[in-house]
Structures are given as structure tokens and as C-alpha cells.
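For reference, the structure is listed below as C-alpha cells.
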Amino acid sequence: MACMQYPRTHLARLSIPCAGRSSVLRGVRGCAERGQRRHWRGLRALAGLVLAGVALGSLLAATPARAEPSRGELVRFATVPAPGERPQTVRGWLSEPEQVPGRGRLPAIVLMHGCGGPKAPSHRWAAQLVAWGFGALVLDSFGPRGIAQVCSAPQRLSAPQRTGDAYGALHFLQSQRGIDPDRIGLMGWSHGGSAALWAVDGDWSRAHQPYPWLRFRATSVFYPGCGFRHADFTTPVLMLMGASDDWTPANPCQRFVRTAHASNGKVQLVIYPGATHAFDAVRMTVLAYGHVLRYSPGATLDAQARVHQFLDKYLKR
């Protein structure tokens, strides 16, 4: 019997024999009971969904979200061009530790991003440097030039062409009241690591140093390309690379370091077994432009400790 939504009060008006009326009433009662059961089953299912939602919400609330790092203050400054070139205006994000009375001026670091432009990993490193007591300037070589990335089009801006950007950032930092102009270092990642090495190459960088005091004091680079045959660096250099890097392999850098020299220090190379390109970037494993990028917490922690010690040694008094 199909259940109809029919009020029981209207049954008395129906012309149904007494014998038939009782069967109709039984059918109506059965429909009502089945409707109640369906109603309660629906309520139980709804309650289950609500409880599951509450549990999921509690789980998500208990899972710490990875906060995006602060970008600091947006600043603009001119590059320091080689003779015959015109300066360009580039930009960066400046972060500084809180000033403490009597502490004096602080050391600072220029950070040069990789071929994909300034991303969250650059700003996370800037935040780490600030926590260590350094000012940090994340340089943007691409945005002001209208470049999104050079990973797939390296001819758009080569690593040596970014030398003027590095010295423009250095000159800008030297003009800041809270920064010690004689204690400024340089860091770079991938394409930016190569650019940083070019910036402190004695022969190449000389054209971008119009003043004798315009010089970096220490340089730390991650997984750069080592296309140098020979180099005489103007600063101590710390290089950190992955043994499983299939984008900028470590072997050329191993050969290069054997003949490289550095003023006031040495060229150090650290290679992490199993680490890939961009091993210090907190992310899921990805395939970028045909290359594997995998985060390595162990290599990252060791690299942070080494960089901290290196910068303290050469930039802090």
C-alpha cells in the first residue's frame, strides 16, 4: 500500500464500509510508523554528520597552520651599473630587529632570490636572520623589470647581470641609520646564488664598485651554478648543496672550489647526502621544470646552524 499524506480526521467522511475502514486505518497507522522510522533514521544520520564535522573542526584547530612570513617594509633603490650602463630602479623588502638602546648599529644581509622570483622561502630566511640579530633585505630583481621567472628562459636576465642589483642593495643598506655600513653580507639561492658569487668575484665585480667602501664582508650561497673556471672572491664564501641535486649538480662546484680563493677567509663547500635542489624550502616534493625538489629537514637545520655560525664569525663584533 502506498503511503499518502492524508489527515486521519478526514477518514470519518469517507464512504467506506466498516470492515474496509479498519483495514484502511491499519494501513494509515503502518504508513505513519514507517514515516516515523524514516524520520528518526534521518535525524540520526544528520547527528552523525554534525558530530563528524565537529571532530574534523577540532582536528583542524589542533593542527598548526604554517604562517606566511612577514615581508617587511617595501623599499626602492637604484642599481649600481657598470661604466656605460644606465641605472635601474629595483625594489626589496627590508626587515630589521627591534632597536635596543645602547646596542649600536646592526649587521645586515642582502638576500638574492632564485629563478622563480622572491617567494615565501626568501622571506622565511629573512625572518630567521632578523631573529639572529641581522637586518635583512630581500631583493627583487624581476618584478621591476616585468619578469615573472627565468627558470625556463634564462636569457631574459643572467646571473652576472644581477651584480648591479646586489651593489644597489648594498649601497641602500649603507645609507640606513640603524645598519653598520661595514658589516653587510650577501646570500643567494640557485640563480641568486650564482648571482651572489658573480657579485663577489674580484675581477667581475670591480666595475660595480665605484667606491672602495662599497663591498660585502661575507657571502653564503645555496645550490648555485658553478660556471667559473677560476675565481678570486673578495669575501669568505660558504656554499651549501645537495648530493642529489639534478638542477645544479654539486660536482662542478667541487672541482671549482679546489682552485678558488677568498680574501680574509676561505671558500667552504658543504654537500648534503640525498638532498635535492631547494632542499631548504618547506614544501611537498614537487617536479619543477623537470627537476625534483624535496624538502630535507635535517639538511635545513644543519645549514641554518652553519650559516648562523658563519655570519656571526664575519659580521658580528
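Position 65 of the sequence shown, counting from 1, maps to 427 under the working numbering, and the rest follow consecutively.
Note that CB positions come from ideal geometry on N, CA and C, so glycine has one too.
Note that this is a predicted model, so its numbers are computed, not measured.
Enclosing beta strand (DSSP E) for residue i [first to last residue]
{"i": "P543", "result": "541 to 551"}
{"i": "D502", "result": "497 to 502"}
{"i": "Y634", "result": "629 to 634"}
{"i": "L655", "result": "653 to 655"}
{"i": "L649", "result": "648 to 650"}
{"i": "V583", "result": "581 to 584"}
Residue(s) in a DSSP beta bridge with residue i
{"i": "E680", "result": "This structure does not reach residue 680, given that the chain is present from 363 up to 679, and the question cannot be answered."}
{"i": "H475", "result": "Paired residues: none, contrary to the question."}
{"i": "H592", "result": "H592 is not bridged to any residue."}
{"i": "T451", "result": "A440"}
{"i": "L602", "result": "F584, V632"}
{"i": "H639", "result": "L655"}
Backbone secondary structure at residue i - three-state DSSP
{"i": "L519", "result": "coil"}
{"i": "D607", "result": "coil"}
{"i": "S556", "result": "helix"}
{"i": "T441", "result": "coil"}
{"i": "P469", "result": "strand"}
{"i": "D563", "result": "strand"}
{"i": "V386", "result": "The pLDDT assigned to V386 is 41, lower than 50, so where the model puts this residue is not dependable; a value taken from the coordinates is nonetheless given after this. In this structure, V386 counts as helix in the three-state DSSP scheme."}
{"i": "A624", "result": "strand"}
{"i": "A569", "result": "helix"}
Start and end residues, alpha helix (DSSP H) containing residue i
{"i": "T662", "result": "659 to 677"}
{"i": "H485", "result": "482 to 493"}
{"i": "N613", "result": "613 to 619"}
{"i": "H533", "result": "525 to 536"}
Presumed contact (8 Å Cβ cut-off) between residue i and residue j, rounded CB distance
{"i": "R438", "j": "T451", "result": "6 Å"}
{"i": "Y676", "j": "A569", "result": "Not a contact, Cβ separation roughly 24 Å."}
{"i": "A561", "j": "Y529", "result": "7 Å"}
{"i": "L655", "j": "V644", "result": "The pair is not a contact, with the Cβ atoms about 11 Å apart (cut-off 8 Å)."}
{"i": "S625", "j": "F595", "result": "7 Å"}
Just checking, does the stretch 619 to 626 make contact with the stretch 665 to 672 on the three C-beta pairs under 8 Å criterion? no
Pairs of beta-carbons, one from the stretch 632 to 643 and one from the stretch 670 to 678, closer than 8 Å: are there three or more? no
Between the stretch 601 to 610 and the stretch 560 to 573, do at least 3 Cβ pairs fall closer than 8 Å? no
Do the stretch 465 to 474 and the stretch 525 to 536 touch if we need at least three Cβ pairs shorter than 8 Å? yes
Are there three or more Cβ pairs, one per stretch, closer than 8 Å when the stretch 546 to 560 is compared with the stretch 458 to 465? no
Is there contact here, the stretch 579 to 593 with the stretch 492 to 510, by at least three beta-carbon pairs under 8 Å? no
Assess contact between the stretch 488 to 497 and the stretch 512 to 523, defined as three or more Cβ pairs (one per stretch) separated by less than 8 Å. Is contact present? no
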